[in-house]
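Mapping of the sequence shown onto the numbering used here: residues 13 to 207, in sequence order.
The C-beta atom is built at its ideal place from N, Cα and C for all residues, glycine as well.
Data first, discussion second: the structure below is written as structure tokens.
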Amino acid sequence: MPRGVAIPEVRQQLFAAVERVIARDGPGRLSGRAVTAEAGVATGLLHAHFADLDGFLAAYAVDRAFLVSAGAGALAERVGTGEVAGNLCEAITATPPSTLGTLAKLLVARPELAARVHAVLGDRTAGLDAIEHAAATYLAAERKRGRIPAHASPEALALAVVGALHHLVLTAPDDVHARLRHVITALLGAPARRS
Numbered sequence: 013m014p015r016g017v018a019i020p021e022v023r024q025q026l027f028a029a030v031e032r033v034i035a036r037d038g039p040g041r042l043s044g045r046a047v048t049a050e051a052g053v054a055t056g057l058l059h060a061h062f063a064d065l066d067g068f069l070a071a072y073a074v075d076r077a078f079l080v081s082a083g084a085g086a087l088a089e090r091v092g093t094g095e096v097a098g099n100l101c102e103a104i105t106a107t108p109p110s111t112l113g114t115l116a117k118l119l120v121a122r123p124e125l126a127a128r129v130h131a132v133l134g135d136r137t138a139g140l141d142a143i144e145h146a147a148a149t150y151l152a153a154e155r156k157r158g159r160i161p162a163h164a165s166p167e168a169l170a171l172a173v174v175g176a177l178h179h180l181v182l183t184a185p186d187d188v189h190a191r192l193r194h195v196i197t198a199l200l201g202a203p204a205r206r207s
């Protein structure tokens with residue numbers, strides 16, 4: 013890329029590139045050069061927008077954790093409507109599974125980034141924590157309405173759903189929605205419907 017040429021939405025271009033690098037090579041092979049090469053931009057561009065690679069990765073993690081939080085936050089609007097398992101599955105998978113998987117891999121490889129995400133977004137409102145909190149709150153509201161069994165533990169169900177989601181985005185990112193829906197339906201004790 014020639015010097016001095018403006019690149020619209022450069023942050024999102026670099027964020028998309030880091031996802032492709034992690035998906036292809038894993039977080040262990042992550043470098044500023046790998047990201048800028050994947051994005052097709054000059055190597056200095058990353059440092060023109062971020063102090064260093066860690067600052068860039070923290071910004072990426074905050075951005076994607078915010079997306080996850082927003083999707084999970086939509087659960088509050090669904091209380092008392094539709095099918096509980098469907099509502100839960102749709103809200104949880106609102107963020108593409110590939111993005112969830114990339115974020116999870118990055119945070120496992122660089123756990124110090126999780127603290128930076130929490131510092132910006134707050135506790136229980138970032139990434140998988142946001143999903144767990146939103147799911148538990150949603151399930152508690154549905155239990156009050158009698159839409160899930162009275163003996164059900166919203167907190168335990170939410171943790172189980174997040175555990176299943178985490179496993180699926182790391183091992184089977186192409187089949188997350190259908191398998192997660194099946195797990196949620198089984199956890200709620202309703203007969204599973206095959207799609």
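| Item | Value |
| --- | --- |
| What separation, rounded to the nearest whole angstrom, lies between the Cα atoms of Leu87 and Thr111? | 20 Å |
| To the nearest angstrom, report how far apart Asp186 and Gly113 are at their CA atoms. | 11 Å |
| Give every residue of the same chain whose Cβ lies closer than 7 Å to the Cβ of Pro161, excluding the five residues on either side of it in the sequence, and list them in chain order. | Gly201 |
| Flag this pair as yes or no: are the beta carbons of Ala146 and Gly85 separated by less than 8 Å? | yes |
| Mind checking Lys117: buried by the 16 CB within 10 Å criterion, or exposed? | buried |
| If you run the structure through DSSP and keep just helix, strand and coil, what is Ser165? | coil |
| Is Gly40 helix, strand or coil when you go by DSSP? | helix |
| Between the Cα of Ala73 and those of Arg36, Leu119 and Gly92, spot the shortest distance and give me the residue it belongs to. | Leu119 |
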